[in-house]
Structure formats: structure tokens, C-alpha cells
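Novice: Sending over a structure as C-alpha cells; questions will come in a sec.
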Ligand SMILES: C[S@@+](CC[C@H](N)C(=O)[O-])C[C@H]1O[C@@H](n2cnc3c(N)ncnc32)[C@H](O)[C@@H]1O
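Residue numbers (this note's numbering): 19 to 217.
Below, the structure is given as C-alpha cells:
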């Protein structure tokens with residue numbers, strides 16, 4: 019396992035859990051590389067919900083997925099990850115957040131500290147027991163620093179009876195390296211009935 023890249027570390031942590039996951043979410047589909055990772059590492063009957071607020075991102079993700087032959091597993095949703103729970107009437111096994119802006123796209127359209135935390139607050143009650151969430155945050159610019167700090171405050175306040183939260187950062191990398199947060203649901207029950215579905 020190469021430890022030099024926060025996204026690869028997230029993939030590594032999630033891969034065991036994905037092998038028997040049924041419902042999976044890519045909360046920031048972007049160019050589709052994480053969606054592709056999720057598609058490759060789940061069973062044929064798994065469903066992957068790919069969220070993004072930009073149609074251009076979903077188009078790019080769809081093209082990548084189609085080229086790899088995984089189209090039937092993916093549902094593309096042009097909406098904010100704040101509303102993930104509205105689209106699933108079942109517990110969710112794995113969620114990936116890869117924060118920031120679309121590589122190659124507008125830097126003005128980026129994840130925001132408050133909505134990122136709100137998205138986590140909304141989705142965590144719908145996580146299955148042993149379900150996992152990964153969040154890669156990029157504190158290399160002021161808005162990214164604010165997002166990472168707010169995220170850290172929120173995550174470290176989660177009750178340890180219900181969630182195990184950990185963080186990983188490469189200490190000797192220059193220029194504010196990305197931070198990976200991993201959240202695992204270890205106790206309690208996911209909400210039985212979720213909010214009404216949007217589709
Ligand atoms: C760093 S990119 C994701 C990279 C992607 N996972 C990949 O493999 O290429 C972040 C993405 O989050 C999207 N985004 C920003 N705010 C969002 C929100 N509130 N809900 C869903 N997606 C959002 C952006 O449009 C952008 O495409």
C-alpha cells in the first residue's frame with residue numbers, strides 16, 4: 019500500500035467494506051475516478067449514487083464509467099450532497115467525500131465548510147452498522163483550511179459509542195498536505211425510515 023496519497027489511502031481503507039456493500043455514495047463525483055473505484059470494488063448488485071452540483075462533472079463521470087462498462091450500477095444525481103438521504107430509502111454502507119473543486123473546472127464552484135458538515139450530519143444517521151465514510155479535505159488554501167477545521171471540530175464531537183473517527187495526514191509533506199478522515203459506524207442503529215425519496 020502506497021501511503022503517499024490521501025485519496026489512495028481512502029480507497030485502501032474502504033476496499034474491504036465495499037466487497038459486501040449494497041448501497042454506496044460518491045458524494046463528490048467530479049471527474050468520476052472515485053465513482054469508478056467504487057464501481058470496480060463492489061458486487062454486481064450494488065447501487066452507487068454519484069452526486070455532484072455540476073452537470074459537467076456528472077457528464078465526465080458518466081463517460082469514464084461507460085468506458086469501463088459499469089453503467090448499470092450507477093445513478094447520477096445532480097444535487098447537493100446535503101440531500102443524500104432524500105434519495106435513498108435504505109441504509110447506506112459506504113460514502114466517499116473528496117472535497118474541493120472540479121480538477122480542470124471552475125475554482126469558484128467548490129465544496130463549502132458549512133454544507134460539508136451539514137451533509138455529514140444528514141447522512142450519518144443513515145449509515146449501516148459497520149458502514150464507513152471517507153472525507154479527504156484540502157487545507158492548502160484559506161477556504162479549504164476553514165473547511166478542514168470545521169470538519170475536524172464536528173467529527174471529533176461524534177459520540178465514540180456510535181462512531182470511530184480517525185484522521186491521517188502525511189507529516190513531512192510540504193504545502194499543507196490533504197487530510198483524510200475515516201468514520202466507521204460501530205454502534206447504535208441507523209434510522210429505519212429515511213426521508214421521502216426524491217426519485
Ligand atoms: C475534488 S472534486 C471530486 C473529485 C472526484 N471524486 C474524482 O474522482 O474526480 C469535488 C467535486 O465536488 C463537487 N461539489 C461541490 N460542492 C458540492 C455539493 N454541495 N454537493 C455535491 N458535489 C459538490 C464539485 O462540483 C466537484 O466536482
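For every residue, glycine included, the Cβ atom is placed at its ideal position computed from N, Cα and C.
Given that a residue counts as buried once 16 or more other Cβ atoms are within 10 Å of its Cβ, and exposed if not, what is residue 152?
Specialist: One-based indexing of the chain shown puts residue 152 at position 134. Classification of residue 152: buried, given that the 10 Å Cβ count is 16 or more.
Novice: Does the pairing of the segment 101–112 with the segment 135–149 give three or more beta-carbon distances under 8 Å?
Specialist: Counting Cβ pairs under 8 Å, three or more are found: they touch.
Novice: Taking buried to mean at least 16 other C-beta atoms within 10 Å of its own C-beta, is residue 109 buried or exposed?
Specialist: The count along the chain shown starts at 1 and reaches residue 109 at position 91. Classification of residue 109: buried, given that the 10 Å Cβ count is 16 or more.
Novice: Strictly by DSSP, which residues pair up with residue 93?
Specialist: Position 75 of the chain shown, counting from 1, holds the residue named residue 93. 67, per the DSSP bridge assignment.
Novice: What's the gap between the Cα of residue 144 and the Cα of residue 87?
Specialist: Here residue 144 refers to the residue found at position 126 when the chain shown is read from its first residue. Here residue 87 refers to the residue found at position 69 when the chain shown is read from its first residue. If you take the alpha carbons of residue 144 and residue 87, they lie about 29 Å apart.
Novice: Can you name, in chain order, every residue of its own chain whose Cβ lies under 7 Å from the Cβ of residue 125, other than the five neighbours on each side?
Specialist: For the purposes of this step, residue 125 is taken as residue 107 along the chain shown, with counting starting at 1. If we look at residue 125 and ignore the five residues flanking it on each side, its Cβ neighbours are 119.
Novice: Between the alpha carbons of residue 76 and residue 83, how many angstroms are there, rounded?
Specialist: For this step, residue 76 is matched to residue 58 along the chain shown. For this step, residue 83 is matched to residue 65 along the chain shown. A direct Cα-to-Cα measurement between residue 76 and residue 83 gives close to 10 Å.
Novice: From which residue to which residue does the alpha helix (DSSP H) around residue 162 run?
Specialist: The residue labelled residue 162 in the question sits at position 144 within the chain shown. Taken as a continuous stretch (DSSP letters only), the alpha helix (DSSP H) holding residue 162 covers 160–174.
Novice: Run the proximity test for residue 151: is its beta-carbon closer than 7 Å to any non-hydrogen atom belonging to ligand 1?
Specialist: Taking the chain shown and counting its residues from 1, the one referred to as residue 151 is at position 133. Checking the Cβ of residue 151 against ligand 1 gives no.
Novice: Residue 112 to residue 192, Cα distance in whole Å?
Specialist: Position 94 of the chain shown holds residue 112. Position 174 of the chain shown holds residue 192. Looking at the backbone, the Cα of residue 112 and that of residue 192 are separated by about 31 Å.
Novice: Do you know whose CA, among 67, 58, 63, 70, lies nearest residue 218's CA?
Specialist: Since the first residue shown for the chain is 19 and the last is 217, residue 218 is missing from the structure and cannot be characterised.
Novice: So the alpha helix (DSSP H) residue 76 belongs to, where does it begin and stop?
Specialist: Numbered from 1 along the chain shown, position 58 holds the residue referred to as residue 76. Start and end: 73–85.
Novice: Between residue 99 and ligand 1, is there a pair consisting of the residue's CB and a ligand heavy atom that are separated by less than 7 Å?
Specialist: The residue given as residue 99 occupies position 81 in the chain shown. In this structure, residue 99 has its CB closer than 7 Å to one or more heavy atoms of ligand 1.
Novice: On the three-state DSSP scale, how would you describe residue 55?
Specialist: What you label residue 55 is simply residue 37 of the chain shown in a count that begins at 1. Helix.
Novice: At the level of alpha carbons, what is the spacing between residue 67 and residue 107?
Specialist: Position 49 of the chain shown, counting from 1, holds the residue named residue 67. Position 89 of the chain shown, counting from 1, holds the residue named residue 107. Just so you know, the alpha carbons of residue 67 and residue 107 end up roughly 12 Å apart.
Novice: Within its chain, find whatever has a CB closer than 6 Å to the CB of residue 206; leave out the 5 residues flanking it on each side and keep chain order.
Specialist: Along the chain shown, read from residue 1 onward, the residue named residue 206 stands at position 188. Taking C-beta separations shorter than 6 Å and ignoring five residues to either side along the sequence, the partners of residue 206 in its chain run 180, following chain order.
Novice: Between residue 116 and residue 46, what straight-line distance do the alpha-carbon atoms span, to the nearest angstrom?
Specialist: Counting from one through the chain shown, the residue named residue 116 turns up at place 98. Counting from one through the chain shown, the residue named residue 46 turns up at place 28. Answer to the nearest angstrom: the Cα atoms are 6 Å apart.
Novice: Roughly how many angstroms lie between the CA atoms of residue 132 and residue 160, to the nearest whole one?
Specialist: Taking the chain shown and counting its residues from 1, one reaches residue 132 at position 114. Taking the chain shown and counting its residues from 1, one reaches residue 160 at position 142. Using only the alpha carbons, I get a separation of about 14 Å.
Novice: On the DSSP bridge list, what partners appear for residue 202?
Specialist: Locating residue 202 in the chain shown gives position 184, where the first residue counts as 1. Note: residue 202 sits in a beta bridge opposite 150, 182.
Novice: For residue 31, report the span of its alpha helix (DSSP H) as first-last.
Specialist: If you number the chain shown from 1, residue 31 lands on position 13. Looking at the DSSP string, the run of the alpha helix (DSSP H) that includes residue 31 is 24–36.
Novice: Does DSSP put residue 189 in a helix, a strand or coil?
Specialist: In the chain shown, counting from the first residue as 1, residue 189 sits at position 171. It is coil, neither helix nor strand.
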